[in-house]
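Here is the structure we will look at, set down as structure tokens.
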Amino acid sequence: MVEYQIRGLNFELTEAISDYVKKRLARLEKYLNADDQYVVRVKLSSHKPKHTFQAEVTVQIADYVIRAEDTEADLYEAIDTVTDKLDRQIKKYKTKITKSTRKGSFKQLDVPDSADNQTDAVEDDELPIVRKKTVELKPMVPEEAVLQMELLGHDFFIFINAENDLPAVVYKRKDGQYALLDTDN
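This is the structure:
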């Protein structure tokens with residue numbers, strides 16, 4: 002079962018827009034197990050000075066978080082593009098996700114709602130931190146962390162290295178290769 006959490010920022014989110022989002026994202030349900038519960042978080046925002054719309058979608062699938070975003074002049078075009086991006090990501094990584102899950106290399110961990118809590122903060126006497134995000138570190142091997150990083154579309158990913166139970170970071174280098182920063186405590 003899929004639960005959609007859709008919110009609009011800087012514009013009125015109508016029922017027609019919500020229905021359109023659900024209709025477009027419904028095509029992703031073919032990749033999901035019918036018996037499981039899924040939460041699809043959709044954030045639609047309007048950027049008035051630029052006259053653009055941004056669509057951001059986050060889906061938790063098993064131990065992976067898949068996320069895509071796009072900015073377009075038309076809201077519906079942004080929604081379509083994000084849906085296409087998610088579809089391509091899932092197709093691209095479906096085999097790897099299936100193999101990882103079969104290996105049992107992941108522990109089944111629940112992601113609390115607080116994992117998505119974000120706060121904007123700027124202190125006068127400190128370096129300006131424009132965004133703060135709290136994440137839950139999960140045990141995984143570095144190869145799985147690279148896969149998760151790619152699914153999120155990020156340049157780095159922090160996790161608990163299952164090989165030594167210590168915090169670690171994987172990141173994408175400028176040459177396109179991946180690197181691992183491991184701790185030594």
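Quick note on the working numbering: the sequence shown kicks off at 2 and runs consecutively.
Yeah, the Cβ is synthetic: ideal placement off N, Cα and C, and Gly gets one too.
Nothing here was measured: the structure is a model prediction, and the numbers come from that model.
Our two residues, Q55 and Y94, have alpha carbons roughly 24 Å apart in a direct line. Contact between the stretch 131–148 and the stretch 168–179 is present: three or more C-beta pairs spanning the two stretches fall below 8 Å.
For I62, the enclosing beta strand (DSSP E) stretches over residues T53 to I62.
For R174, the three-state secondary structure derived from DSSP is coil. When Cβ pairs closer than 8 Å are counted between the two stretches, the stretch 77–84 is seen to touch the stretch 48–62, the count reaching three or more. Sequence-distant partners of R25 (beyond 5 residues in either direction) whose C-beta falls short of 6 Å from its own C-beta, in its chain, are I80 and T84. Taken atom to atom, the span from the alpha-carbon of K175 to that of L33 is near 34 Å. Listed as beta-bridge partners of R42 by DSSP are Q6 and T59.
Cβ contact annotation for Y5 (same chain, cutoff 6 Å, sequence separation greater than five): K23 and V41, in chain order. At a Cβ-Cβ threshold of 8 Å, I161 and K139 count as neighbours.
Between Q61 and L152, the CB-CB gap reaches or exceeds 8 Å.
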